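Taking our numbering, I'd label the letters of the sequence shown as residues 32 to 270. Heads up, the thing below is written out as structure tokens.
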Amino acid sequence: MSVLFLTESDVESLIDMSASIEAVERAFVAVADGSAINVPRARAKAPGFLLHSMSATAEYLGLAGWKNYTTTSQGARFHVAAYELDSGRMLALIQANRLGQLRTGAASGVATRHLARPDANVLGLLGTGWQAESQLEAVASVRPLEAVRVHSRDPERRRGFAEAMSQRLQLDVQAVDSAEAAVDGADIVSTATTSKAPLFEGQLLMPGSHLNIIGSNHLSKAESDVESIASADLVVCDR
32 MSVLFLTESD
42 VESLIDMSAS
52 IEAVERAFVA
62 VADGSAINVP
72 RARAKAPGFL
82 LHSMSATAEY
92 LGLAGWKNYT
102 TTSQGARFHV
112 AAYELDSGRM
122 LALIQANRLG
132 QLRTGAASGV
142 ATRHLARPDA
152 NVLGLLGTGW
162 QAESQLEAVA
172 SVRPLEAVRV
182 HSRDPERRRG
192 FAEAMSQRLQ
202 LDVQAVDSAE
212 AAVDGADIVS
222 TATTSKAPLF
232 EGQLLMPGSH
242 LNIIGSNHLS
252 KAESDVESIA
262 SADLVVCDR
């Protein structure tokens with residue numbers, strides 16, 4: 032039997048954010064009850080090149096798989112493979128830029144659904160890259176957002192992001208001139224940047240607010256300050 036190959040356009044047509052959130056939540060439950068094993072990211076380096084590798088087994092699905100992606104000066108390329116547990120046969124090879132974007136957003140969707148206040152309706156978003164898109168999409172899937180304030184370093188880019196996402200999600204997305212303006216008074220704060228320094232001071236956070244900090248995937252990165260973490264009632268890390 033041949034291996035199924037799915038392109039980015041195939042992925043886009045087969046799965047949406049709502050389905051992604053349900054799948055990721057089921058996976059988190061499986062990791063917790065031992066019916067899935069998740070292996071933390073490993074990196075192989077060469078000059079100007081990084082290969083990032085992650086793998087997992089999912090007994091409840093009868094599957095195992097890996098996600099590999101490369102980063103170079105020309106950007107990042109993502110692939111996922113799925114294997115049948117019984118036979119070890121590769122079932123599918125998937126172009127995974129969009130799939131990874133959905134999964135990362137969905138993790139924040141699961142967290143927001145269970146940890147943010149039920150009445151949370153204002154989102155402060157820091158970052159306007161492709162991961163920021165799915166962060167907004169995921170939060171909007173689990174909370175009835177009335178206002179979104181977004182900030183990034185490039186004024187033109189944040190204005191374009193706000194306009195595009197307003198139209199796409201039918202939400203009030205406003206570009207603001209500072210991280211402080213995005214965070215102050217927000218019920219939910221999501222960060223999706225490559226920053227190596229805290230983006231805002233923890234004292235700005237409103238009591239009862241919820242944070243999704245997704246850009247800090249390396250020891251050299253730090254989107255939040257010590258006060259933000261130390262003042263939290265609960266800190267959950269998705270490895």
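Note that beta-carbon positions come from the ideal geometry of N, C-alpha and C, so glycine has one too. Given the structure is predicted, the values throughout are model-derived calculations rather than measurements.
Which of helix, strand or coil does DSSP assign to residue i?
i, result
"ILE244", "strand"
"ASN128", "helix"
"ALA95", "strand"
"ALA263", "coil"
"VAL141", "helix"
"THR224", "coil"
"MET121", "strand"
"GLY239", "coil"
"ALA107", "strand"
"GLU115", "strand"
Locate the alpha helix (DSSP H) running through residue i, then write down its first and last residues.
i, result
"VAL204", "VAL204 -> not in any alpha helix (DSSP H); beta strand (DSSP E) instead, spanning 204-206."
"ARG199", "186-200"
"GLU168", "161-173"
Please name the residue in the options whose C-alpha comes closest to that of residue i.
i, options, result
"SER221", "SER255, MET121, LYS227", "SER255"
"VAL257", "GLY239, LEU235, THR135", "LEU235"
"SER139", "GLN166, ASP64, MET32", "GLN166"
"VAL179", "ARG144, ALA171, GLN162", "ALA171"
"ALA151", "SER226, PRO175, ILE125", "PRO175"
"GLY239", "LEU116, ASP264, GLN198", "ASP264"
"MET196", "MET237, VAL55, ALA163, ALA89", "ALA163"
"VAL141", "SER183, ILE46, ALA54", "ALA54"
"THR135", "VAL34, VAL267, ASN243, VAL181", "ASN243"
"ALA89", "ASN69, GLY106, LYS76, ALA77", "ASN69"
"HIS182", "ALA50, LEU230, HIS83, SER40", "LEU230"
"PHE59", "GLU177, GLU194, ALA137, SER226", "ALA137"
"LYS76", "THR101, VAL267, VAL34", "THR101"
"VAL267", "SER226, ARG199, GLY233, HIS145", "HIS145"
Looking at the unbroken beta strand (DSSP E) that takes in residue i, where does it start and where does it end?
i, result
"PRO71", "67-77"
"MET85", "80-89"
"LEU154", "153-157"
"ALA178", "178-182"
"LEU37", "35-37"
"GLU56", "Per DSSP, GLU56 belongs to no beta strand (DSSP E); it is in the alpha helix (DSSP H), 48-64."
Are residue i and residue j closer than 8 Å when you measure CB to CB?
i, j, result
"ALA112", "LEU37", "no"
"MET85", "ALA169", "no"
"LEU81", "ARG74", "yes"
"GLY93", "LEU116", "yes"
"THR103", "ILE219", "no"
"ALA261", "ALA228", "no"
"LEU157", "ALA210", "yes"
"ALA223", "GLY155", "no"
"VAL173", "ILE52", "yes"
"ALA67", "ALA87", "yes"
The ligand ZN heavy atoms versus the CB of residue i: any closer than 7 Å?
i, result
"PHE36", "What this structure holds is no ligand at all, so the ligand ZN is not there to describe."
Query raised in the report: Just checking, does the stretch 195-215 make contact with the stretch 114-131 on the three C-beta pairs under 8 Å criterion?
Result: no
Query raised in the report: Are three or more beta carbon pairs between the stretch 103-120 and the stretch 180-200 nearer than 8 Å?
Result: no
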